[in-house]
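Novice:
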Amino acid sequence: MLVKTPVGTEALVAFERVTKSYDGATLVVKALDLTVRRGEFLTLLGPSGSGKTTTLMMLAGFERPTSGHILLDGAPVEKLPPEKRNIGVVFQNYALFPHMSVEENIAFPLRYHGVTGPAAKEKVDKVLGMIHLEGFGGRRPTQLSGGQQQRVALARALVFQPKLVLMDEPLGALDKQLRERMQVEIKHIQRSLGVTIVFVTHDQSEALTMSDRIAVFSDGMVQQLAGPTELYERPANRFVAQFIGENNVLPGDVSTDGRALRLAGGAVVLLPAAIAPGAVEATVRPERLQAADRASDRAIRFPATVREVFFLGDHARLTCEGLGVAELSVKMAAAEFSVLQPAAGSSLTLAFEPEAIHVLAR
Amino acid sequence: MSSLAEPAHRSLRAQTFRAALPDRLIALGLVLPALLFLVVTFIAPIGALLMKSVDNAEPAAVLVETLPAIGAWDGVGLPPEPVFAALAADLKAAQKNRTAAGLGKRLNYELPGMRSKILSAARAVSKIETPPAGGWTEAITGIDPVWKDTQTWSVLQRNASPVTAHYLLNSLDLTRGPDGAIAAVPESEAIFLTILGRTLFIAAVVTLGTLVLGYPLAYAAAIAPPAVAATLMLFVLLPLWTSLLVRTTAWVVLLQSNGVINDFMMRLGFTSEPVQLIFTRFGTLAAMIHIQLPFTVLPIYSVMRQIPQTQLRAARSLGAGPLSAFWRIYAPQTIPGVSAGCLITFILSLGYYLTPALVGGATDQMMSNFISDFINRDLNWGLASALGTVLLLTTLALYAVYVRVLGADRIRLG
């Protein structure tokens, strides 16, 4: 039904120096440069008020940029009304039309795209099959569960083969289990159709699960644009480091030759490549900290004092004092935990592999 | 198994009922004062007034002996002597008790001129002390030729019943002919259907007017930021806090020949002499639309406020232009509010009295005005009640059609 397009590097959408201000005093979006590649699943991730939804609404055509250009397929679209952009949008609360049946909802865009009669019926049936809602066509949206409504909204945004589908926190209203199932389902549909999706969420695990690339928004700016792994392993700055997953931020000093990092508390880490000397911040993930006796010979060891212990079944979470940090978070596997039995107030030696250290850009 | 389960099940039901009983009693207790108040001040008086439209107490109260006696009369020729004797006795009593006028007035509705005939007959009969030699037949027919007319007696016979359809028929421009068959009244006397039609028409125009003015207003308020919406709705509600009489009087000031509007138009040179605005249909409509506007706007506004704006956005993104999106997505969802608002305004407009009386044309009055006239001026409570009944039934019928077409759940106040 839809033409499969491989994920490429060709830009489908380009934001060029786009700004947006509602009140003429503060900028909600500051000088945004962002490209969306054809066929990719790009997530705009950020806390509320970071400008991600405004960016999405400007792309959909509901908000006009204060300055700058938005190119769709190479042509500027800032002045084009939403209905002329050929972009499907899935809204947070689905925005299904309550006075129309599921079938009528899905068929709604078709008449505006020149598909009528049996051809429209066929497309609707096909899409209903794709979202596993065969036989639900005659129902009203209010007779469907949240997950089913979500799928209908998705089908409606896909049925007219738009260039691009935008999703504004579409899973926010679902419970955790359903949300995780829908994440996988949306990802499957996106892969099989090869459709380009720009997805907005404030849930970092959702972003990591679904995206080809993630643009982390904060304060009206893109802090980092990268794939999930890179974003997790090599956050560009302190905000990204702490927003994506849990992280320990460690104060340190880079030696004058730029090859060694001395952390507070004395541990020294050799850096893979030379960087500018001086005071820096480095990060280490809680799951990369482990008990010293289990670590490899290359691992860097340091003493720590346990402050608090939380047992969570498959793992335990310790809050320790060490590496010059008062609240160092450690995620310990259950097996290791049952052997060590660390108690609050006790001392132990922890360790990390040198690669686990990531120096944040200054 | 089931024989064991059955009593247990029943006792569970009894227990549930007993457990819920205090709550139900409390609920009943909460409703009771308002219910009693409504019964005493609203339902009972309306019921009593509706009864008046078929009430036929006067003939039975005055013609105590005549009516039983005339029951057996076959309607051919004059009734037999005992009927005349009974009438004489009744008229004597009526003269003594001063009830002849009431009877005369009542019979006058059906036989014009009967009021004076009854009064003169009662006076004449009272002067005859003993039964006359030629019998009461000769004596009474001698008073006035009307007593020789079979129609007079058949009207009397027809009114033996304590209820009459006369007023209701009359309020629909119908009457019983001499032979008792229902027929249209002569064209020169037919006024009530015209009045009913006029009342319905004015109510419909007012409803349409408030809708045309109110719908965009409600929409503007629904999509406006909360502070602006609150201000807009304040202006809509403001008139509701002012007395109806004050608002209507304000319209008199505006509309009169040397009033604000005429003054303004003459200064601007649109017209050289005052345009007749007050005491016209235009005056009635303008004032009524103004007064009814909040009633139409409020339900529409409250329904509109619940329609998420993202629905219009969704429609736009799916390819619909702004007008198409509004018409196909937004407008259909406002129908419950439009229904409720229009229904309230239409029904309230049907009963308008004060405003048409003060700013409307003398020959352009609505139903309520005539009801009031029949009660206050003509003391014809029967006809007034019958007109009220017709108005009530028309309203109920329209409501029934409405519910049937749209469904009761499609009417929502918010």
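Residue numbers (this note's numbering), protein chains in the order written: chain B, 5 to 366; chain V, 5 to 418. Glycine included, C-beta positions come from ideal geometry on N, C-alpha and C.
1. Give, in chain order, every residue of the stretch 331-342 of chain V whose Cβ lies closer than 7 Å to some Cβ of chain B.
2. Grab me the residues of E357/B's own chain with a C-beta within less than 6 Å of its C-beta, minus the 5 sequence neighbours each way, in chain order.
3. Using the C-alpha atoms, what's the distance from E277/V back to A401/V?
4. Taking all protein chains shown into account, decide if A111/B is buried (16 or more other Cβ within 10 angstroms of its Cβ) or exposed.
5. On the CB-based measure, 16 or more other CB atoms within 10 Å of its CB, does W245/V come out buried or exposed?
6. Given that a residue counts as buried once 16 or more other Cβ atoms are within 10 Å of its Cβ, and exposed if not, what is M424/V?
7. If I'm right that V284/B touches L364/B with Cβ under 8 Å, what's the distance once you round it to whole angstroms?
8. Run the CB neighbour count on T45/V, radius 10 Å, all protein chains shown included, and call it buried at 16 or more, exposed below.
9. Short check: CB of A222/V to CB of Y305/V, under 8 Å?
10. Using 8 Å for Cβ pairs, my map puts G72/B next to R21/B. What's the rounded Cβ distance?
11. Name the DSSP beta bridge partners of I304/B, please?
12. May I ask you to list the residues that DSSP assigns as paired with I45/B?
13. Are there any heavy atoms of the ligand NAP lying less than 7 Å away from the beta-carbon of P69/B, as far as the coordinates show?
14. From the beta carbon of I91/B, is the nearest beta carbon of chain C less than 8 Å away?
15. Between T367/V and L259/V, what straight-line distance do the alpha-carbon atoms span, to the nearest angstrom?
16. Please state the DSSP three-state secondary structure of G345/V.
17. Buried or exposed, going by whether 16 or more other CB atoms sit within 10 Å of the CB of H192/B?
18. Report yes if the CB atom of S261/V is closer than 8 Å to the CB atom of A64/B, and no otherwise.
19. Evaluate the contact criterion for the stretch 162-171 of chain B versus the stretch 105-119 of chain B: three or more CB pairs, one atom per stretch, below 8 Å.
20. Just the Cα atoms here: how many angstroms apart are T275/V and L281/V?
21. Hey, is the stretch 129-143 of chain V in contact with the stretch 78-95 of chain V, meaning 3+ C-beta pairs nearer than 8 Å?
22. Using the rule of at least 16 other Cβ atoms within 10 Å of the residue's Cβ for burial, across every protein chain shown, is R408/V buried or exposed?
23. Excluding five sequence neighbours on each side, which residues of the same chain lie with their C-beta closer than 8 Å to the C-beta of V167/V?
24. For chain V, check one thing: does any of its Cβ atoms lie closer than 8 Å to the Cβ of Y26/B?
25. In the DSSP output, which residue or residues are listed as bridge partners for I218/B?
26. Identify the contact partners of P220/V in chain B, using a Cβ-Cβ distance below 7 Å as the criterion.
27. Just confirm the distance between the C-beta atoms of L293/B and L354/B, as a whole number of angstroms; I'd bet it's less than 8 Å.
28. Quick check: L289/V and G213/V, are their CB atoms within less than 8 Å of each other?
29. Please look up how many angstroms separate the CB atoms of L46/B and A219/B, rounded, as I've assumed it's under 8 Å.
30. Does any residue of chain B bring its CB to less than 8 Å from the CB of Q315/V?
31. Checking the sheet assignment: what are the DSSP bridge partners for H362/B?
32. Report the option in A286/B, N251/B, F247/B, G249/B whose CA atom is closest to the CA atom of A264/B.
33. Determine the contact status of T309/B and G326/B, defining contact as a CB-CB distance below 8 Å.
34. Just mark Q194/B as buried or exposed, buried being the case when its beta carbon has 16 or more other beta carbons within 10 Å.
35. Check the Cβ of R160/B against every Cβ in chain V and list those closer than 9 Å, keeping chain order.
36. Taking the alpha carbon of T103/V as the point to measure from, which residue in P116/V, F88/V, Y113/V, R127/V has its own alpha carbon closest?
Specialist: The answer reads as follows:
1. I333, P336, Q337
2. Here residue 357/B corresponds to residue number 353 of the first sequence, with the count starting at 1. Counting only Cβ-Cβ distances below 6 Å, and skipping sequence neighbours, we find A303.
3. Here residue 401/V is taken as the residue at index 397 of the second sequence, counted from 1. Here residue 277/V is taken as the residue at index 273 of the second sequence, counted from 1. Cα to Cα, A401/V sits roughly 46 Å from E277/V.
4. Looking up residue 111/B in the first sequence gives position 107. A111/B comes out buried.
5. By 1-based counting over the second sequence, the position of residue 245/V is 241. That one is exposed.
6. Because chain V in this structure spans residues 5 to 418, residue 424/V falls outside the shown range and cannot be described.
7. For the purposes of this step, residue 284/B is identified with residue 280 of the first sequence, where counting begins at 1. For the purposes of this step, residue 364/B is identified with residue 360 of the first sequence, where counting begins at 1. Contact holds; Cβ gap of about 7 Å.
8. Locating residue 45/V in the second sequence gives position 41, counting from the first residue. The residue in question, T45/V, is exposed, as its Cβ has fewer than 16 Cβ neighbours within 10 Å.
9. Sequence index remark: in the second sequence, residue 222/V carries index 218 (1-based). Sequence index remark: in the second sequence, residue 305/V carries index 301 (1-based). Yes; because the gap between Cβ atoms is below 8 Å, this pair is in contact.
10. In the first sequence, counting from the first residue as 1, residue 72/B sits at position 68. In the first sequence, counting from the first residue as 1, residue 21/B sits at position 17. The Cβ separation is near 4 Å, so the contact holds.
11. Here residue 304/B corresponds to residue number 300 of the first sequence, with the count starting at 1. According to DSSP, I304/B bridges with F356/B.
12. Here residue 45/B is taken as the residue at index 41 of the first sequence, counted from 1. For the record, residue 45/B in the displayed sequence is Phe; it is not Ile. F45/B pairs with I201/B.
13. Among the components modelled here there is no ligand, and therefore nothing to report on the ligand NAP.
14. Going by chain labels, chain C is absent from the structure shown, which instead holds the protein chains B and V.
15. Your numbering for residue 367/V matches position 363 in the second sequence. Your numbering for residue 259/V matches position 255 in the second sequence. When rounded, the distance between both Cα atoms is 18 Å.
16. Residue 345/V sits at position 341 when you count from the first residue of the second sequence. G345/V falls in the helix class under three-state DSSP.
17. Counting from 1 along the first sequence, the entry for residue 192/B is found at position 188. Exposed: under 16 other Cβ atoms inside 10 Å.
18. For the purposes of this step, residue 261/V is taken as the residue at position 257 of the second sequence. For the purposes of this step, residue 64/B is taken as the residue at position 60 of the first sequence. No, Cβ-Cβ distance for S261/V and A64/B is not below 8 Å.
19. Judged by Cβ distances under 8 Å, the stretch 162-171 of chain B makes contact with the stretch 105-119 of chain B, as three or more pairs qualify.
20. On the second sequence, position 271 is the one that residue 275/V refers to. On the second sequence, position 277 is the one that residue 281/V refers to. C-alpha separation (whole angstroms): 13 Å.
21. Using a C-beta cut-off of 8 Å, the stretch 129-143 of chain V makes contact with the stretch 78-95 of chain V, since at least three inter-stretch Cβ pairs fall below that distance.
22. In the second sequence, residue 408/V corresponds to position 404, counting from 1. Exposed, because fewer than 16 other Cβ atoms sit within 10 Å of the Cβ of R408/V.
23. Your numbering for residue 167/V matches position 163 in the second sequence. Around V167/V: V58, D59, N60.
24. Locating residue 26/B in the first sequence gives position 22, counting from the first residue. Not one chain V Cβ lies under 8 Å of Y26/B.
25. The sequence position of residue 218/B within the first sequence is 214, counting from 1. BP columns for I218/B point to T47/B, A230/B.
26. Indexing the second sequence from 1 puts residue 220/V at position 216. Per Cβ cutoff of 7 Å: no residues; P220/V is ~21 Å from chain B at best.
27. Within the first sequence, the letter at position 289 stands for residue 293/B. Within the first sequence, the letter at position 350 stands for residue 354/B. 5 Å between Cβ atoms; contact.
28. Here residue 289/V refers to the residue found at position 285 when the second sequence is read from its first residue. Here residue 213/V refers to the residue found at position 209 when the second sequence is read from its first residue. It is a contact, given that the beta carbons lie within the stated cut-off.
29. Residue 46/B sits at position 42 when you count from the first residue of the first sequence. Residue 219/B sits at position 215 when you count from the first residue of the first sequence. About 7 Å separates the two Cβ atoms, so the contact holds.
30. Position 311 of the second sequence, counting from 1, holds the residue named residue 315/V. With 8 Å as the cut-off, Q315/V counts as an interface residue toward chain B.
31. By 1-based counting over the first sequence, the position of residue 362/B is 358. Paired residues: T287/B.
32. Within the first sequence, the letter at position 260 stands for residue 264/B. Checked all of A286/B, N251/B, F247/B, G249/B; the closest Cα to A264/B is A286/B.
33. The residue you call residue 309/B lines up with position 305 of the first sequence. The residue you call residue 326/B lines up with position 322 of the first sequence. It is a contact, given that the beta carbons lie within the stated cut-off.
34. Here residue 194/B refers to the residue found at position 190 of the first sequence. Counting C-beta atoms within 10 angstroms of its own C-beta, Q194/B has 16 or more neighbours from the protein chains shown and is therefore classed as buried.
35. Reading the first sequence from its first residue, position 156 is the one you call residue 160/B. Simply A318, L322.
36. Along the second sequence, read from residue 1 onward, the residue named residue 103/V stands at position 99. Taking only the C-alpha atoms, the option nearest T103/V is R127/V.
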